[in-house]
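Colleague:
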Amino acid sequence: MNTSSSSSLQTNTIDSLGQLKAIGLQKIYNGRSVVQDVSISVSSGEVVGLLGPNGAGKTTSFYMIVGLVPADFGRIEIDGRDITALPIHKRAHLGLSYLPQDASVFRRLSVEHNIQAVLELQDDPETGKTLTRKRVQEQLELLLEELQITHIRKNAAISLSGGERRRVEIARALATNPRFILLDEPFAGVDPIAVIEIQRIVRFLKSRNIGVLITDHNVRETLGICDRAYIISAGKVLTDGEPDAIITNRKCAKSTWANTLKCNCLRAPAALPQGRWQADCLAGGACISPNKV
């Protein structure tokens, strides 16, 4: 990914600070509270993980922030502006972009036509009018270069690898000039090479001062690229903090989150700040602790 381009692509600058907040979210299904008082924040240029087992309320919390599920109680804000009642397309106008787990490209269109289709719907911030053909072409070339997909621009989206498809999806998202991107299980069902590619993409977004919220079951891959993470268990935030603090937190070892995951899923990558880590089985659960070497 080209993180040092001097292009004029309209994206956030490092001075454009913002914050996405969810405050006291609650969701009730059939009289049962599945999300209870969940609060989450993501700042510009920050990568935040939302982790937990199936049924913990993680996905419901994520979908409330996206706008796919209405919150029964609580508040969602962008820079202090209440967006709780706004539908997903109006949240997008305020800079909130969502990438679903399933493919979101036009499979029969070429890579460049996939991106161009989004650009043609955008307004020029300088004129307030739809982008001219010239501006669309300029932005298209810049996005192809930034995401390093110029060489596959003529390829049909259906022929792309998992990592290539994600890059095209990110290019389409960047075409809308987002401030925050929410990634729904980006590591699910992808091969190891694609995992590395997706991690590079997330770092690229961070370098562009875009806030990223990731929900995923793959703890190792997600914690390896997060600045902070929230662990959801039984509908509540069990703990939150930096990856090394999350990994050594004993609350996680005693929670259903640890008990429902195998140890090898909880091993953290060697890239984490304090070096090498190992998984230990404790009383039927799992805990992560630093190797004593």
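Going by our numbering, the residue at position 263 of the sequence shown is 544; the numbering climbs one at a time, nothing skipped. C-beta atoms are modelled at their ideal positions from N, C-alpha and C, and glycine is treated no differently.
#1: If distances are taken between C-alpha atoms only, which option among Phe-343, Glu-478 and Asp-405 comes closest to Gly-443?
#2: Pull up the CB-CB distance for Leu-424 and Ile-396, whole angstroms please, since I reckon it's below 8 Å.
#3: Does DSSP put Val-471 in a helix, a strand or coil?
#4: Round the Cβ separation of Ile-359 and Gly-299 to the nearest angstrom and send it over; I've been treating them as touching at under 8 Å.
#5: May I have the straight-line CA-CA distance separating Ser-378 from Gly-355, to the nearest angstrom?
#6: Across which residues does DSSP place Glu-358 in a beta bridge pair?
#7: By a C-beta neighbour count over all protein chains shown, 10 Å radius and 16 as the cutoff for buried, is Thr-496 buried or exposed?
#8: Which of the three DSSP states, helix, strand or coil, is assigned to Phe-387?
#9: Are the beta-carbon atoms belonging to Gly-348 and Leu-367 less than 8 Å from one another?
#10: If you draw a straight line from the alpha carbon of Ala-398 to that of Arg-414, how long is it in whole angstroms?
#11: So, is Pro-351 buried or exposed, given that buried needs 16 or more other C-beta atoms within 10 angstroms?
#12: For a test of the three-state rule: what should DSSP assign to Ile-399, helix, strand or coil?
#13: Between Ile-513 and the rest of its own chain, which residues show a CB-CB distance below 6 Å, the 5 nearest in sequence each way excluded?
#14: Have a look at Arg-389 and Asp-353 and give me their C-alpha separation to the nearest angstrom.
#15: Does the separation of the CB atoms of Ile-474 and Arg-447 fall below 8 Å?
#16: Give the range of the alpha helix (DSSP H) segment to which Gly-443 is assigned.
#17: Which of the three DSSP states is assigned to Ser-342 in this structure?
#18: Could you spell out where the beta strand (DSSP E) holding Lys-517 opens and where it closes?
#19: Per the DSSP calculation, Arg-509 is bridged to which residue(s)?
#20: Taking Glu-327 as the reference, which of Ala-515, Ser-440 and Lys-302 has the closest Cα?
#21: Using a Cβ-Cβ cutoff of less than 7 Å, which residues in the same chain neighbour Val-476 once the five nearest sequence positions on both sides are dropped?
#22: Buried or exposed, going by whether 16 or more other CB atoms sit within 10 Å of the CB of Asp-404?
#23: Which one of Val-316, Asp-508 and Lys-435 has the shortest CA to CA distance from Gly-304?
#24: As a quick exercise: from Leu-494, Lys-517 and Pro-459, pick the residue whose alpha carbon is nearest that of Ser-509.
#25: Using DSSP with H/G/I as helix, E/B as strand and the rest coil, what is Ala-437?
#26: Can you tell me which of the three DSSP states Leu-349 falls into?
#27: In chain order, what residues of the same chain lie with their CB nearer than 7 Å to the CB of Asn-530, ignoring the 5 residues before and after it?
#28: Please determine, among Arg-434, Glu-419 and Glu-401, the residue with the shortest C-alpha to C-alpha distance to Thr-411.
#29: Once DSSP output is grouped into helix, strand and coil, what is the label at Gln-317?
#30: The alpha helix (DSSP H) with Thr-496 in it runs from where to where?
#31: In whole angstroms, what separates the C-alpha of Asn-458 from that of Ile-527?
Modeller: On the basis of the supplied data:
#1: Mapped onto the sequence shown, residue 443 falls at position 162. Of Phe-343, Glu-478 and Asp-405, the residue nearest in Cα terms is Glu-478.
#2: On the sequence shown, position 143 is the one that residue 424 refers to. On the sequence shown, position 115 is the one that residue 396 refers to. Rounded to whole angstroms, the Cβ separation of Leu-424 and Ile-396 is 6 Å, and the two are in contact under 8 Å.
#3: Numbered from 1 along the sequence shown, position 190 holds the residue referred to as residue 471. In the three-state DSSP reduction, Val-471 falls in the coil class, being neither helix nor strand.
#4: As a working note, residue 359 is residue 78 in the sequence shown. As a working note, residue 299 is residue 18 in the sequence shown. Confirmed, about 7 Å.
#5: Here the question's residue 378 lines up with position 97 in the sequence shown. Here the question's residue 355 lines up with position 74 in the sequence shown. Approximately 21 Å between the Cα atoms of the pair.
#6: Looking up residue 358 in the sequence shown gives position 77. Answer is Lys-302 and Asp-363.
#7: As a working mapping, residue 496 is identified with position 215 in the sequence shown. Result: buried.
#8: As a position in the sequence shown, residue 387 is number 106, starting the count at 1. Of the three classes helix, strand and coil, the one that applies to Phe-387 here is coil, per DSSP.
#9: In the sequence shown, the residue the question calls residue 348 occupies position 67. In the sequence shown, the residue the question calls residue 367 occupies position 86. Yes, they are a contact pair.
#10: Here the question's residue 398 lines up with position 117 in the sequence shown. Here the question's residue 414 lines up with position 133 in the sequence shown. Inter-residue distance for Ala-398 and Arg-414 is about 12 Å (C-alpha atoms, whole angstroms).
#11: Within the sequence shown, the letter at position 70 stands for residue 351. When all chains shown are included, Pro-351 counts as exposed.
#12: Counting from 1 along the sequence shown, the entry for residue 399 is found at position 118. Ile is not the amino acid found at residue 399; the sequence shown has Val there. Residue state for Val-399 is assigned as helix, using DSSP reduced to three classes.
#13: Counted from its first residue, the sequence shown places residue 513 at position 232. Beyond the five residues adjoining it in sequence on each side, Ile-513 comes within less than 6 Å, by CB distance, of Gly-333, Ala-337, Gly-338 and Lys-339 in the same chain, given in chain order.
#14: Counting from 1 along the sequence shown, the entry for residue 389 is found at position 108. Counting from 1 along the sequence shown, the entry for residue 353 is found at position 72. So the two alpha carbons sit approximately 39 Å from each other.
#15: For the purposes of this step, residue 474 is taken as the residue at position 193 of the sequence shown. For the purposes of this step, residue 447 is taken as the residue at position 166 of the sequence shown. Arg-447 is positioned such that its CB atom lies no closer than 8 Å to that of Ile-474.
#16: Reading the sequence shown from its first residue, position 162 is the one you call residue 443. Per DSSP, Gly-443 belongs to the alpha helix (DSSP H) from 443-455.
#17: What you label residue 342 is simply residue 61 of the sequence shown in a count that begins at 1. In the structure shown, Ser-342 sits in a helix (DSSP, three-state: H, G or I).
#18: As a working mapping, residue 517 is identified with position 236 in the sequence shown. Run containing Lys-517: 517-522, per the beta strand (DSSP E) assignment.
#19: Here residue 509 corresponds to residue number 228 of the sequence shown, with the count starting at 1. Residue pairing of Arg-509 in beta bridges, as defined by DSSP: Val-329.
#20: Start at 1 with the first residue of the sequence shown, and residue 327 comes out as number 46. Nearest of Ala-515, Ser-440 and Lys-302 to Glu-327, Cα basis: Lys-302.
#21: Against the sequence shown, residue 476 aligns to sequence position 195. Closer than 7 Å at the Cβ level, and outside the excluded window around Val-476, lie Phe-468 and Glu-502.
#22: Walking along the sequence shown from the start, residue 404 turns up at place 123. Answer is exposed; the Cβ neighbour count stays below 16.
#23: Sequence index remark: in the sequence shown, residue 304 carries index 23 (1-based). The amino acid occupying residue 304 in the given sequence is Ile; Gly does not appear at that position. Per the Cα distances, Val-316.
#24: Residue numbering aside, residue 509 sits at position 228 when the sequence shown is read from its first letter. It is worth fixing the name first, because residue 509 is Arg in this sequence and not Ser. Relative to the Cα of Arg-509, the nearest Cα in the group Leu-494, Lys-517 and Pro-459 belongs to Leu-494.
#25: Sequence index remark: in the sequence shown, residue 437 carries index 156 (1-based). Three-state DSSP puts Ala-437 in a strand.
#26: Here residue 349 refers to the residue found at position 68 of the sequence shown. Note: Leu-349 maps to coil in three-state DSSP.
#27: Within the sequence shown, numbered from 1, the residue matching residue 530 stands at position 249. Here the set comprises Thr-520.
#28: Residue numbering aside, residue 411 sits at position 130 when the sequence shown is read from its first letter. Looking at the Cα atoms, Glu-401 is the closest of the given residues.
#29: On the sequence shown, residue 317 is found 36 positions in, with the first residue counted as 1. The three-state secondary structure of Gln-317, taken from DSSP, is strand.
#30: Counting from one through the sequence shown, the residue named residue 496 turns up at place 215. Not the alpha helix (DSSP H): Thr-496 falls in the beta strand (DSSP E), residues 492-496.
#31: Position 177 of the sequence shown, counted from the start, is the residue given in the question as residue 458. Position 246 of the sequence shown, counted from the start, is the residue given in the question as residue 527. If I take the Cα positions, the gap works out to 32 Å.
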